[in-house]
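**Q** First, the structure itself, so that you have it in front of you.
Chains as they are written, first to last, in our numbering: chain A, 1 to 88; chain B, 89 to 231.
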C-alpha cells in the first residue's frame, strides 16, 4: 500500500479529485493555505495498492497540460510507503 | 569557528557554497530557482509548529530550497491552532532542515488562566518548538 500526496492549485483540485474518483481511487482533500504555490493550494491524499501507483500518477498527470511559456510548477507529488493500513 | 560563533562544519559548508557560487555563475533568478528545484527529494517531513514560529521557519526553509506546503491544524495539550508543514527533504539536507526548524522555533512556557478564585496561581505548560515526523519518499514529481 502506498500513499500518494498531491499538492495542486485550488483551481485544479476538483478536476484532479474527480478524475481519481472516476478511476476508482478514494481521495481525501485538505484545504491548504499558502505554501510554495503561494495562492490557494489543495492537498489530496490517496491510498493506493502498490501496483496501482503508476495508474494513479498517470491519472493525475493527465489533468495537466504542460505549459511552454512559463515553467510554473503546477503540482507536487509525493509517494510514501504505508506500513499498515486499516479501515474500521 | 572564530570565537566559537559558528561551528567548523558550518564554516566549511559556507565556504564551499560561496566557492561553488563563484565558479558557476548563474545569470538570473530563474536559473537559480531551477537549480534549486532540481535537487533530488528523498524524504518528506511533516513538521507541526506553533503559529507564532511559522513565518520564521518557512523563511529559513525557503532559503535552503526546501519545497513547503502549509496546512492549518490544531491539537496538542492546549488545543491551540497550529500549522502543519509538509516539507520535501532534498538528498542529504535532513539534518540541516531539523536544525533550521529548531533554531527558528523555540520551546516556551505558556500560562493557563487561573481556574480558581481562591488562588491566583496559574498553571504553566511547556510547549515544544516543533514536532517533526520524517518519511521516506519513494517518488517525488513536479508537474
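Glycine residues also receive a C-beta, built at the ideal position from the N, C-alpha and C atoms.
Check whether the Cβ of residue 225 of chain B lies closer than 8 angstroms to any Cβ atom in chain A.
**A** For residue 225 of chain B, the answer is yes, since a Cβ of chain A falls inside 8 angstroms of its Cβ.
**Q** Tell me the DSSP secondary structure of residue 133 of chain B in three-state form.
**A** If DSSP states are grouped into helix, strand and coil, residue 133 of chain B belongs with the strands.
**Q** With DSSP as the reference, label residue 177 of chain B as helix, strand or coil.
**A** Strand, per DSSP.
**Q** Can residue 7 of chain A and residue 28 of chain A be called in contact, C-beta distance under 8 angstroms?
**A** Cβ atoms of residue 7 of chain A and residue 28 of chain A: not closer than 8 angstroms.
**Q** For residue 173 of chain B, I'd like the list of residues in its chain whose CB is within less than 6 angstroms of its CB, leaving aside the five on either flank, ordered along the chain.
**A** Excluding sequence neighbours, residue 173 of chain B sits near 135, 156 and 158.
**Q** Just by C-beta distance, which residues in the stretch 135-163 of chain B are closer than 7 angstroms to chain A?
**A** The stretch 135-163 of chain B vs chain A, Cβ under 7 angstroms: 155, 156, 157, 158, 159 and 160.
**Q** State yes or no: is the beta carbon of residue 169 of chain B nearer than 8 angstroms to at least one beta carbon in chain A?
**A** Chain A, which has no Cβ nearer than 8 angstroms to the Cβ of residue 169 of chain B, makes this no.
**Q** For residue 228 of chain B, which residues in chain A fall below 9 angstroms Cβ to Cβ?
**A** Within chain A, the residues near residue 228 of chain B are 76, 77, 78 and 79.
**Q** Do three or more CB pairs link the stretch 133-152 of chain B to the stretch 169-185 of chain B at distances below 8 angstroms?
**A** Yes, since at least three Cβ pairs between the stretch 133-152 of chain B and the stretch 169-185 of chain B fall closer than 8 angstroms, the two stretches touch.
**Q** Return yes when the Cβ of residue 231 of chain B is within less than 8 angstroms of the Cβ of residue 74 of chain A, no when it is not.
**A** Yes, the pair counts as a contact, with Cβ atoms nearer than the cut-off.
**Q** Are the CB atoms of residue 57 of chain A and residue 43 of chain A nearer to each other than 8 angstroms?
**A** No.
**Q** For the candidate residues B/187, B/141, B/137 and B/140, whose alpha-carbon lies nearest to that of residue 95 of chain B?
**A** When each option's Cα is compared against that of residue 95 of chain B, the closest is B/187.
**Q** Work out the CA separation of residue 64 of chain A and residue 107 of chain B for me, nearest whole Å.
**A** About 39 angstroms.
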